[in-house]
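S.K.:
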DNA sequence: AAACAAACCTGTGCGC
DNA sequence: TGCGCACAGGTTTGTT
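In our numbering, the protein residues as written are 31 to 301.
1. So, residue 199 versus residue 234, is the Cβ gap smaller than 7 Å?
2. Would DSSP call residue 207 helix, strand or coil?
3. Spatial neighbours of residue 272 within its chain, please: C-beta separation below 8 Å, excluding the five flanking residues on both sides.
4. Does DSSP classify residue 60 as helix, strand or coil?
5. Could you tell me the boundaries of the beta strand (DSSP E) in which residue 277 lies?
6. Taking one C-beta from the stretch 286-297 and one from the stretch 138-158 each time, how about it: are there three or more such pairs within less than 8 Å?
7. Assuming residue 243 and residue 259 form a contact by the criterion Cβ under 8 Å, report the distance between their Cβ atoms to the nearest whole angstrom.
8. With H, G and I counted as helix, E and B as strand and the rest as coil, what does DSSP make of residue 143?
9. Which term fits residue 33, buried or exposed, when burial requires 16 or more other beta carbons within 10 angstroms of its beta carbon?
10. Please name the residue or residues paired with residue 127 in a DSSP beta bridge.
11. At what residues does the alpha helix (DSSP H) containing residue 224 begin and finish?
12. In the DSSP assignment, find the beta strand (DSSP E) that holds residue 93 and state where it starts and stops.
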């Protein structure tokens with residue numbers, strides 16, 4: 031999504047902003063988003079964890095979080111908008127385009143903030159943990175993160191204050207690739223196991239990104255062009271409870287609830 | 001400190 | 001065909 035936005039939005043002026051649903055801009059207000067964006071030009075687009083941050087030539091920045099059901103789409107001006115299109119940005123240029131923020135469940139949000147005061151205006155962004163892709167995560171750093179924590183791996187990996195960017199799907203896939211049970215306690219991992227976890231985090235995240243992400247049967251996640259990704263074809267455990275493990279070919283994938291989240295793993299491959 | 005449950009919303013798929 | 005229920009990619013808050 032960041033890459034798609036970068037290719038369509040960077041360098042373009044936002045001429046007009048429409049907010050159709052106040053909840054999407056609940057951190058501030060519709061007027062704050064409109065005032066903060068109208069007339070500004072997007073200079074770059076970054077990401078930390080699941081937070082997209084667009085820098086503006088005004089010195090402010092736009093944060094977008096998709097939460098569970100958000101999508102960002104770029105379309106030709108005047109195109110038919112999907113249901114639940116809550117924010118529309120009109121982009122200058124030839125041709126002009128519209129950027130749509132679409133979000134059925136309305137958990138997602140957009141907010142204009144001052145990066146110099148992120149501590150107070152966007153505290154959760156300021157308190158985000160290490161992003162393995164954008165910050166880099168070494169074996170030594172992962173060892174330090176696991177050290178002294180008596181937490182299960184699944185809730186630990188999902189904790190955005192510790193490591194940023196891993197969600198429920200990729201957490202299960204990472205743990206399967208690392209051959210570690212989701213309920214393993216972090217500070218009991220041997221060095222070889224930490225190295226496997228480290229390699230799995232990087233492999234799953236970078237491979238999934240290159241594959242365009244995971245588009246499930248409801249086609250909820252798509253890129254800014256509306257195209258789905260293909261990493262769902264490589265899922266080995268997520269949403270495969272009751273089916274044969276693709277790695278060992280023998281055991282059946284088990285579904286449990288761990289860390290309050292649905293968790294799938296192979297009891298034969300993962301220890 | 002860590003593990004739960006509930007809350008925030010809407011849509012979909014399933015059993016009956 | 002329709003109803004009720006379980007469940008979904010995330011995160012915060014309040015209890016145990």
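Beta carbons are placed, not taken as given, at the ideal position from N, Cα and C, and that holds for glycine.
M.R.: So, from the listed chains and residues:
1. no
2. helix
3. 282, 283 and 285
4. helix
5. That residue, residue 277, is in no beta strand (DSSP E); it is neither H nor E in DSSP.
6. no
7. 4 Å
8. strand
9. exposed
10. 106 and 121
11. 221-240
12. 91-95
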